[in-house]
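First the structure, in the form of C-alpha cells, and then the observations on it.
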Amino acid sequence: MATARPVVSVYQFDDPSKKEGSVTMPNVLVSPLRPDLVRFVHTNIAKNKRMAHSVYIEAGHETAAQSWHTGRAVARIPRAPGGGTHRAGQGAFGNMCRGGHMFNPTRTWRRWHRRVNSTMRRHAVASALAASSLVPLVMARGHRIGKISEVPLVVSDGLESTTKTKKAVEILAKLGCGDELSKVKDSKTVRAGKGKMRNRRYKMRRGPLVVFNEDNGLVRAMRNIPGVETCSVDRLNLLSLAPGGNFGRFIVWTQSAFKKLNEMYGSLKSGAPMKKGYTLPRAQMENADLERLINSNEIQSVLKPKMEAPRKHDTRLNPFTHKEVMAKLNPYAAEKKAEDSADVKKRKAERVKAGVEYNKKFKKGDSTFYKKLMKAFEAKAPAPIEKADDEEEHPEFFEVGFTICVLATTLREQT
C-alpha cells in the first residue's frame with residue numbers, strides 16, 4: 103500500500119497557515135506502485151504525437167547508373183555512366199556510396215503511433231497518482247518540497263478563481279513552492295544537438311502540476327509561470343503525471359478536484375463509477391513486510407526443519423611448504439626452525455674461525471706451496487756487474503755483451 107492516512111488537510115489558498123478542514127484520502131492514492139507499467143505506457147503514448155516524415159522517395163537514384171558486372175576486377179555495385187569526369191565510374195545507389203540512398207529510408211507509412219490498452223493506461227495513471235502522495239518519491243524526482251506543509255497538498259477552491267499571474271506566483275510562494283520555482287527558472291539551458299535549430303532551442307525542468315475541477319481563470323493565470331502546468335481532474339494525463347516515465351511529480355490539488363477522485367475511481371469493491379468496466383489495481387501483498395511474514399509463528403510452524411549444509415572438506419596442503427598448516431600440526435615448528443637456523447649459523451661461524459686459526463698456524467706468508475710454485479716462474483733480476491776500465495773506454499761493446507748475458511740467464515731459468 104502506498105500510504106494509509108485516513109484524511110488530508112485542506113489549506114486556504116491565500117493564507118496557508120490556516121486550515122479549512124480535511125478531506126478523505128481517495129482510494130486511488132493508495133494504489134500499488136508499478137514503475138514498470140508507468141514507463142511502458144509512457145514510452146508508447148509519447149509516440150502518438152509524432153508527425154510522419156520521410157526522405158525524398160527518389161533520393162540516391164537520380165542517375166542512370168548500371169553495374170559493370172563481373173570480369174573487370176571491380177565490385178558489382180552500380181556505377182555512374184559517362185567519362186572524362188571524376189563522377190564517371192563512381193559507385194551509386196548503395197547506402198555505402200557517396201550520393202547513394204540511406205539505409206532503410208524513412209517512409210510516411212511507417213507505424214508511427216502506438217495503441218495502448220485502456221486498462222493499462224488507467225493503471226499507470228493510478229500508480230502515478232499514488233506516487234505523487236509519497237514524499238520520498240517526490241523528492242527523489244528532484245522537487246524542492248522542504249517548505250511544503252503536507253503531501254499531497256490540497257488547497258481551497260478559491261485558487262481556481264485566480265486570474266492574474268502575479269497573484270498566482272504569490273500564492274505558490276506562500277504555499278512553499280518558492281524554491282521549486284527558483285529551481286525551474288535556473289534550469290533553463292540551451293538544448294544540445296540539432297533540436298536547438300528546430301523550434302525547441304531551450305529545455306527546462308518541470309515544476310508543480312496544479313490540478314483543478316473548474317477553470318475560472320486559473321489556466322490563464324498559471325500558463326506563463328516557468329515550469330508550472332495545469333490540468334483538469336477529468337483529463338489527467340500520464341505525460342503530465344510522470345514526465346519522462348518517472349513518477350512522483352509534485353501536485354497541488356484544489357479541494358473539489360481532490361474530492362472528485364473518489365467519484366471517478368471509487369474503491370476496490372464498488373469499482374470506478376465514471377470509468378466503465380474499470381476497477382482499481384489490487385496490491386499483490388497487503389503486508390509488504392516480507393521478513394516479518396516469513397519469521398511469523400504461523401509460517402515457521404508448518405515449514406520443514408532447516409537442512410544442514412553439506413560438509414565441505416578443506417583442500418589438503420603440504421605442511422612442509424605451507425607455514426600455516428605446519429603451525430596447526432606442530433605449534434613448536436616455528437620455534438624449532440628458528441633454533442635450527444641459529445645452530446646452523448653457530449656451526450658456520452665455528453668453521454670459519456677454525457679455518458682462520460689453521461691458516462695462521464700452518465700457512466705463514468710466502469711459505470705456502472702455491473706461492474713457492476709460482477716463484478719458479480717469476481723472472482729474476484740479474485745481478486749488477488761492475489764496470490771495468492775497458493768498459494769506460496769502449497762502452498758499446500760492453501752493453502752488447504751485457505744484453506747477451508741477460509738473455510742467456512733468462513733462457514736457462516725457463517728451461
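Numbering (the working numbering), first residue to last: 103 to 517.
Glycine residues also receive a C-beta, built at the ideal position from the N, C-alpha and C atoms.
Keep in mind it's a predicted model, so treat the numbers as computed, not measured.
Q | Unbroken stretches of the alpha helix (DSSP H), 4 residues or longer, contained in the segment 170-254 | A | 220-233 and 237-242
Q. What's the gap between the Cα of Asp281 and the Cα of Ile353?
A. Taking the sequence shown and counting its residues from 1, the one referred to as residue 281 is at position 179. Taking the sequence shown and counting its residues from 1, the one referred to as residue 353 is at position 251. Cα to Cα, Asp281 sits roughly 15 Å from Ile353.
Q) Would you call Ser372 buried or exposed, if buried means 16 or more other Cβ atoms sit within 10 Å of its Cβ? A) Here the question's residue 372 lines up with position 270 in the sequence shown. Result: exposed.
Q: Using the Cα positions of Lys149 and Asn301, report the straight-line distance between them to the nearest angstrom.
A: Mapped onto the sequence shown, residue 149 falls at position 47. Mapped onto the sequence shown, residue 301 falls at position 199. Their backbone Cα atoms lie some 19 Å apart in a straight line.
**Q.** Local Cβ density within 10 Å of Trp211, reported as buried at 16 or more and exposed below that
**A.** Position 109 of the sequence shown, counting from 1, holds the residue named residue 211. The residue is exposed, with fewer than 16 neighbouring Cβ atoms inside 10 Å.
Q: Pick helix, strand or coil for Thr332, following the three-state DSSP scheme.
A: Residue numbering aside, residue 332 sits at position 230 when the sequence shown is read from its first letter. In the structure shown, Thr332 sits in a strand (DSSP, three-state: E or B).
Q.
Under 8 Å: do the segment 327-336 and the segment 264-278 share three or more Cβ pairs, one atom per stretch?
A. yes
Q. What are the boundary residues of the alpha helix (DSSP H) that includes Ser124?
A. Along the sequence shown, read from residue 1 onward, the residue named residue 124 stands at position 22. Element bounds for Ser124: not the alpha helix (DSSP H) but the beta strand (DSSP E), Lys121 to Thr126.
**Q.** Closest residue to Arg136 among Arg322, Leu340 and Gly173 (Cα-Cα distance)
**A.** If you number the sequence shown from 1, residue 136 lands on position 34. Nearest C-alpha to Arg136: Leu340.
Q) Taking three-plus beta-carbon pairs below 8 Å as touching, is the segment 283-299 in contact with the segment 255-269? A) no
(Q) Rounding to the nearest angstrom, what Cα-Cα distance links Ser369 and Thr381 in this structure? (A) Walking along the sequence shown from the start, residue 369 turns up at place 267. Walking along the sequence shown from the start, residue 381 turns up at place 279. Whole-angstrom Cα-Cα distance: 7 Å.
**Q.** beta strand (DSSP E) runs contained entirely in the segment 288-348, provided each spans 3 or more residues
**A.** 311-314 and 331-334
Q: Classify Met356 as helix, strand or coil using the three-state DSSP reduction.
A: Locating residue 356 in the sequence shown gives position 254, where the first residue counts as 1. Here the sequence assigns Thr to residue 356, which means Met is not the residue at that position. If DSSP states are grouped into helix, strand and coil, Thr356 belongs with the strands.
Q: Kindly indicate the opening and closing residues of the beta strand (DSSP E) around Val109.
A: For this step, residue 109 is matched to residue 7 along the sequence shown. First-last of the beta strand (DSSP E) with Val109: Val109 to Tyr113.
Q: Just tell me which of Asn318, Arg293, Gly350 and His155 has its CA closest to the CA of Leu311.
A: Taking the first residue of the sequence shown as position 1, residue 311 is located at position 209. With distances taken between Cα atoms, Leu311 lies closest to Gly350.
Q.
Can you find the residues in the same chain that come closer than 7 Å, C-beta to C-beta, to Asn318, ignoring five residues on each side of it along the sequence?
A. Numbered from its first residue, the sequence shown carries residue 318 at position 216. For Asn318, where only same-chain residues beyond five positions count, the Cβ hits under 7 Å are Glu262 and Ser263.
Q | Cβ-based burial, Lys482 [other Cβ within 10 Å; buried from 16] | A | Counted from its first residue, the sequence shown places residue 482 at position 380. Classification for Lys482: exposed.
Q: Closer than 6 Å by C-beta to Leu255: which residues in its own chain qualify, once you throw out the five before and the five after it? Chain order, please.
A: Working through the sequence shown from its first residue, we reach residue 255 at position 153. Only Val354 meet the Cβ criterion.
Q. Quick one: what's Gly373 bridged to in DSSP?
A. Working through the sequence shown from its first residue, we reach residue 373 at position 271. Ser369, per the DSSP bridge assignment.
Q. Which of the three DSSP states, helix, strand or coil, is assigned to Val130?
A. As a first step, residue 130 must be located in the sequence shown, where it is residue number 28. In this structure, Val130 counts as helix in the three-state DSSP scheme.
Q. For the 8 Å Cβ check, are there 3 or more pairs between the segment 152-160 and the segment 398-412?
A. no
Q) Would you call Phe479 buried or exposed, if buried means 16 or more other Cβ atoms sit within 10 Å of its Cβ? A) Working through the sequence shown from its first residue, we reach residue 479 at position 377. Burial call: exposed.
Q.
Given a cut-off of 8 Å on the beta-carbon distance, is the pair Leu363 and His225 in contact?
A. Translated into positions along the sequence shown, residue 363 becomes position 261. Translated into positions along the sequence shown, residue 225 becomes position 123. No, Cβ-Cβ distance for Leu363 and His225 is not below 8 Å.
Q: Apply the 10 Å Cβ neighbour rule to Ser234 and answer buried if 16 or more other Cβ atoms are within range, or exposed otherwise.
A: Start at 1 with the first residue of the sequence shown, and residue 234 comes out as number 132. When all chains shown are included, Ser234 counts as buried.
Q. So what's Val257 in DSSP terms, helix, strand or just coil?
A. Along the sequence shown, read from residue 1 onward, the residue named residue 257 stands at position 155. If DSSP states are grouped into helix, strand and coil, Val257 belongs with the strands.
Q.
Let me confirm a value: Leu392 is counted as buried when at least 16 other C-beta atoms fall within 10 Å, else exposed. Which label applies?
A. The residue labelled residue 392 in the question sits at position 290 within the sequence shown. With fewer than 16 other Cβ atoms within 10 Å, it is exposed.
Q.
Alpha carbons only, please: which of Gly193, Asp117, Tyr304 and Met204 is nearest the one belonging to Thr165?
A. Residue numbering aside, residue 165 sits at position 63 when the sequence shown is read from its first letter. The shortest Cα separation from Thr165 among Gly193, Asp117, Tyr304 and Met204 belongs to Gly193.
**Q.** Neighbour-count burial assignment, Gln357, 16 or more Cβ in a 10 Å radius
**A.** In the sequence shown, residue 357 corresponds to position 255, counting from 1. Buried, because 16 or more other Cβ atoms sit within 10 Å of the Cβ of Gln357.
Q: Say whether the segment 174-188 touches the segment 112-122, bearing in mind that this needs 3 or more beta-carbon pairs closer than 8 Å, one atom from each stretch.
A: no
Q. Does DSSP put Gln402 in a helix, in a strand, or in coil?
A. Numbered from 1 along the sequence shown, position 300 holds the residue referred to as residue 402. Helix at Gln402.
Q: Label Phe464 either buried or exposed according to how many other C-beta atoms from any shown protein chain fall within 10 Å of its C-beta, with 16 as the threshold for buried.
A: Taking the sequence shown and counting its residues from 1, the one referred to as residue 464 is at position 362. When all chains shown are included, Phe464 counts as exposed.
Q) Counting along the chain, where does the alpha helix (DSSP H) carrying Leu392 start and finish? A) Translated into the one-based positions of the sequence shown, residue 392 becomes position 290. It spans Leu392 to Ile396 - the alpha helix (DSSP H) in which Leu392 sits, taken as one unbroken run.
Q) Does the distance from the CB of Phe527 to the CB of His163 come in under 8 Å? A) Lying outside 103 to 517, the shown extent of the chain, residue 527 is not represented and no answer is given.
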